[in-house]
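Asks:
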Amino acid sequence: GDMELMPSGGNVGIGASPSCKLEVNGIMTSKGGANLSPDGDGVISVTHNFHMIDNVAGDVTINGISGGVAGMVVWFVPTDSGNNVTFKDAGGGDPQVLGSEEMQTAGSVDQTLDNSHDSIGFICVGGGGWAQIAISNTN
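Just so you know, the sequence shown maps onto residues 50 to 188 in my numbering.
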């Protein structure tokens, strides 16, 4: 079930005396979601902040991300080093006016993960679009 914390001071501290809305003293983690495969349109549906992209059967192209709310950060890692996972850029422009599910990648160029140690991160922005915030390519 859901738990709502509404302290009288408005701040919540975990292992800390909070000086802001939420202050955590220690390591935070988020349970990863299921391995994802894109639908017929190349869109993946996020349910957690971390997902593996199933690329065991071959190269995978991601044309969009669905789900999430503004401010949500999500990380993706391929399950296999033998095949590529490519995130397609939506054509650049202002990330605040991205259409739902569209992605804006760094430099407005497609980003490819080709190793199971690679990762890419996006933040959900206004309109349901996603802006790339980081990439780690181990090659």
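Just so you know, even glycine gets a beta-carbon here, dropped at the ideal spot from N, CA and C.
The model shown is predicted, which means the values in this text are computed figures rather than measured ones.
1) From this set, Asn74, Ala180, Cys173, Ser168, which residue's C-alpha is nearest Ala119's C-alpha?
2) Using the beta-carbon count (16 or more within 10 Å), is Ile182 buried or exposed?
3) Going by C-alpha distance, which of Gly58, Thr154, Met121 is nearest Ala180?
4) Take Asp88 as the anchor and find which of Val126, Ile63, Gly75, Val109 has the nearest alpha-carbon.
5) Within the continuous beta strand (DSSP E) that includes Val109, where are the two ends?
6) In angstroms with no decimal places, state the Cα-to-Cα distance between Gly58 and Glu72.
7) What number of angstroms, rounded off, separates the C-alpha of Ser149 from the C-alpha of Gly177?
8) What is the DSSP secondary structure of Ser157, counted as helix, strand or coil?
Replies: In terms of the structure at hand:
1) Cys173
2) exposed
3) Thr154
4) Val109
5) 109 to 111
6) 13 Å
7) 4 Å
8) helix
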